[in-house]
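Chemist: Per the numbering used here, the sequence shown starts with residue 404, numbered consecutively. Below is a structure I'd like to ask you about.
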Amino acid sequence: MTTAIKFMSVWTCLAAAIACTHAGFHRLQPVGQDRFIHCAGQDPAAFHQYTAFMANGTDGNSSPAVMMTYTGLSDFNSLGAGLAWANGLISILDNVSAAHANNQGKMLLPQIGLALPHGSDLDFVANSTKYDTAVHEFAKALVALRREAFVRIGYEFNGNWNDYPADAYIAAFRKIVAPWPPTVARIWDGACDAYGPGRLNFSAWYPGDDVVDWWGINIFGSQNDDPSRETGGSCPQCKCTTDFIAAAQLASYPVVIGESTPRNRGTLDSAAYAIKHTTTGLCLGVNGSVSDPGASLELVDCASKATAGSANAWFLAANTITSTALVNIDGLCVAVSNMSPTPGTPSVTWTCGSGVDKVWSVTHSGGLRNGMGTCLAPATTGKAVVTAACDESATQSWSLYKLSNTDAQSTWKTWYEPYLSLAHGPTVQMGCYIDWNWRDHSNHDGQNWYNWGDGRVESSASTYIGSRWRTSMSSENVINLMDNATVCSLLHC
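See the structure below:
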């Protein structure tokens with residue numbers, strides 16, 4: 404018997420056992436099987452930028468109804484911690500809504516990822532009093548929010564990175580949710596990216612149909628994920644994802660896509676290119692791969708430095724009919740220091756915009772000429788890249804070679820369209836999109852997300868995907884930000 408058959412048979416047995424008990428609606432499940440709750444994150448700053456973009460489309464206001472946030476059970480292990488946390492989250496939710504004129508007076512709901520203690524420490528949640536204060540303080544926090552909430556308990560419960568023993572997870576889940584108010588939807592959230600023996604036997608972590616309202620799965624990968632891995636990838640159309648959703652449908656459970664981003668692809672309009680200098684054979688790069696504006700440009704080794712996912716991979720974003728902006732993975736553009744038209748001025752990265760120093764066209768000999776009329780060239784000494792008077796010489800000649808094929812059209816076709824197909828289906832009734840430039844958060848958060856791409860739909864270099872995503876989220880079946888009474892009528896509050 405193959406792994407796939409074993410996997411599906413486990414789900415079929417689990418789903419059949421509980422299907423007859425859940426023919427009605429679950430907590431905060433939308434009225435109508437075709438309804439889909441729009442959710443995004445995954446931090447206040449990113450959510451604010453995303454909402455500003457989604458609130459002002461030509462198709463109307465498509466601001467998300469739910470904001471992602473994260474916390475850990477261990478953060479509540481002191482008296483008063485629950486109320487303090489709830490007050491802080493209320494302030495964030497209300498301020499994000501009030502910041503946009505189209506959204507004032509509306510009720511933003513949270514989707515909370517609750518991390519649990521790892522490894523053997525998880526046993527102490529259910530089998531000792533060590534975390535009793537935390538359990539009750541978090542329950543108090545949910546009451547103090549004064550609004551409905553979705554909570555993913557021990558999200559990605561089967562992930563080897565979490566190391567949640569199955570029996571301890573089940574016991575902890577049941578104890579944690581016991582004191583919760585009925586305004587909270589309890590989500591059982593798994594991961595198709597998990598790997599290792601038994602990690603895809605999701606049912607081993609199942610806490611019981613009496614304490615679960617939604618099933619959750621996270622979508623990150625693309626069709627190109629390594630098929631040799633036990634998971635087969637976490638893409639929208641991958642077998643692990645579709646099997647999970649099919650099992651939920653058989654069991655009459657709604658599904659939330661708890662986290663999602665087009666990993667290793669991003670949203671930028673063009674494929675990634677290296678820009679190679681003709682006479683030296685070196686490539687245009689950022690000094691030290693610095694991700695902040697103002698970094699100087701220099702010549703770097705193409706093979707080791709100008710690679711897909713690095714700061715030295717460049718995307719072409721149309722600026723005018725005849726010129727292009729050169730944008731890297733940090734969302735920064737090739738520019739001229741202080742917009743100086745003087746030859747010999749250093750070339751730098753800078754925030755993208757319509758400045759004449761950031762628009763580039765190709766000359767007859769392969770030179771790169773900016774809107775001020777100077778061309779990109781190596782300095783006479785060292786590896787710095789500066790501007791020079793355009794002369795059509797070989798020393799000013801550059802060529803492009805493609806590092807990846809992740810242009811916006813193919814990303815939309817292979818990731819967004821399958822994702823939206825799930826959203827328009829009868830079972831997936833909420834999706835949470837992570838609107839992040841992942842490399843930026845790797846730099847600041849110490850995580851290994853450098854090659855995940857720029858997933859921001861509002862980026863000036865993401866016009867193809869951004870416009871289509873905003874239109875998709877404004878369709879009639881999508882539940883966006885509304886006043887509290889309307890939301891409650893749709894979610895069985």
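Quick reminder that beta carbons are idealized off the backbone N, C-alpha and C, glycines included.
Using a Cβ distance threshold of 8 angstroms, determine whether the segment 679 to 697 contacts the segment 657 to 671, with at least three qualifying pairs required.
Modeler: Touching, no.
Chemist: How many Å lie between Ala504 and Asp810 at the Cα?
Modeler: C-alpha separation (whole angstroms): 34 angstroms.
Chemist: For my contact list, Val730 and Trp717 are in at a C-beta cut-off of 8 angstroms; report their separation, rounded to the angstrom.
Modeler: Confirmed, about 7 angstroms.
Chemist: Leu894 and Val788 look like a contact to me (Cβ under 8 angstroms); what is the Cβ gap, rounded to whole Å?
Modeler: About 55 angstroms separates the two Cβ atoms, so there is no contact after all.
Chemist: In the DSSP assignment, the beta strand (DSSP E) including Tyr913 goes from what residue to what residue?
Modeler: With the chain running from 404 to 896 in the structure shown, residue 913 is simply not present.
Chemist: Report, in whole angstroms, the separation of the C-beta atoms of Ile495 and Met833, which I expect to be a contact under 8 angstroms.
Modeler: Going by Cβ atoms, the distance from Ile495 to Met833 rounds to 20 angstroms, so no, they are not a contact pair.
Chemist: At the level of alpha carbons, what is the spacing between Ala675 and Gln432?
Modeler: Looking at the two C-alpha atoms, the distance is approximately 41 angstroms.
Chemist: Can you check which of these residues, Pro746, Thr766 and Ala738, is closest to Cys755 by C-alpha distance?
Modeler: The candidate whose alpha carbon is nearest that of Cys755 is Ala738.
Chemist: In whole angstroms, what separates the C-alpha of Ala594 from that of Ile515?
Modeler: Taking the straight line joining both Cα atoms gives about 16 angstroms.
Chemist: Kindly provide the ranges of any beta strand (DSSP E) runs that are 3 or more residues long and lie completely inside the segment 568 to 647, ordered along the chain.
Modeler: Runs of the beta strand (DSSP E) inside the segment 568 to 647: 587 to 594 and 617 to 622.
Chemist: Within 10 angstroms of the Cβ of Arg602, are there 16 or more other Cβ atoms? Answer buried if so, exposed if not.
Modeler: By the neighbour-count rule (16 or more Cβ atoms within 10 Å), Arg602 is buried.
Chemist: Mapping the DSSP letters down to three states, classify Trp852 as helix, strand or coil.
Modeler: Correct three-state label for Trp852: coil.
Chemist: Could you tell me the distance, in whole angstroms, from the CA atom of Leu771 to the CA atom of Thr783?
Modeler: Rounded to the nearest angstrom, the two C-alpha atoms are 17 angstroms apart.
Chemist: Report the rounded CA-to-CA distance for Ser673 versus Ser800, giving the unit in angstroms.
Modeler: So the alpha carbons of these two residues sit roughly 22 angstroms apart.
Chemist: Should the segment 521 to 534 be regarded as contacting the segment 485 to 501, the criterion being three or more beta carbon pairs within less than 8 angstroms?
Modeler: Touching, no, given that fewer than three Cβ pairs across the two stretches are closer than 8 angstroms.
Chemist: Return the chain-ordered list of same chain residues with a C-beta closer than 7 angstroms to the C-beta of Lys875, the five sequence neighbours on each side being excluded.
Modeler: What sits at residue 875 in the sequence shown is Ser, not Lys. If we look at Ser875 and ignore the five residues flanking it on each side, its Cβ neighbours are Leu823.
Chemist: For Asp524 and Ala597, what's the separation of their Cα atoms in angstroms?
Modeler: Computed Cα separation, rounded: 20 angstroms.
Chemist: Buried or exposed for Asn741, going by 16 or more other Cβ atoms inside 10 Å?
Modeler: The residue is exposed, with fewer than 16 neighbouring Cβ atoms inside 10 Å.
Chemist: Go ahead and label Pro513 buried or exposed: buried means 16 or more other beta carbons lie within 10 angstroms of its beta carbon, across all protein chains shown.
Modeler: By the neighbour-count rule (16 or more Cβ atoms within 10 Å), Pro513 is buried.
Chemist: Within 10 angstroms of the Cβ of Arg430, are there 16 or more other Cβ atoms? Answer buried if so, exposed if not.
Modeler: The residue in question, Arg430, is buried, as its Cβ has 16 or more Cβ neighbours within 10 Å.
Chemist: Taking DSSP as the reference, what is the three-state secondary structure of Cys686?
Modeler: Here Cys686 sits in strand by DSSP.
Chemist: Three Cβ pairs or more, each shorter than 8 angstroms: is that satisfied between the segment 606 to 618 and the segment 566 to 579?
Modeler: Judged by Cβ distances under 8 angstroms, the segment 606 to 618 makes contact with the segment 566 to 579, as three or more pairs qualify.
Chemist: Here's the rule: buried if 16 or more other CB atoms are within 10 angstroms of the residue's CB, otherwise exposed. What is Thr745?
Modeler: Exposed.
Chemist: Look at the Cβ atom of Ala791, then the Cβ atom of Leu803, and state whether they are nearer than 9 angstroms.
Modeler: No, these two residues do not count as a Cβ contact at 9 angstroms.
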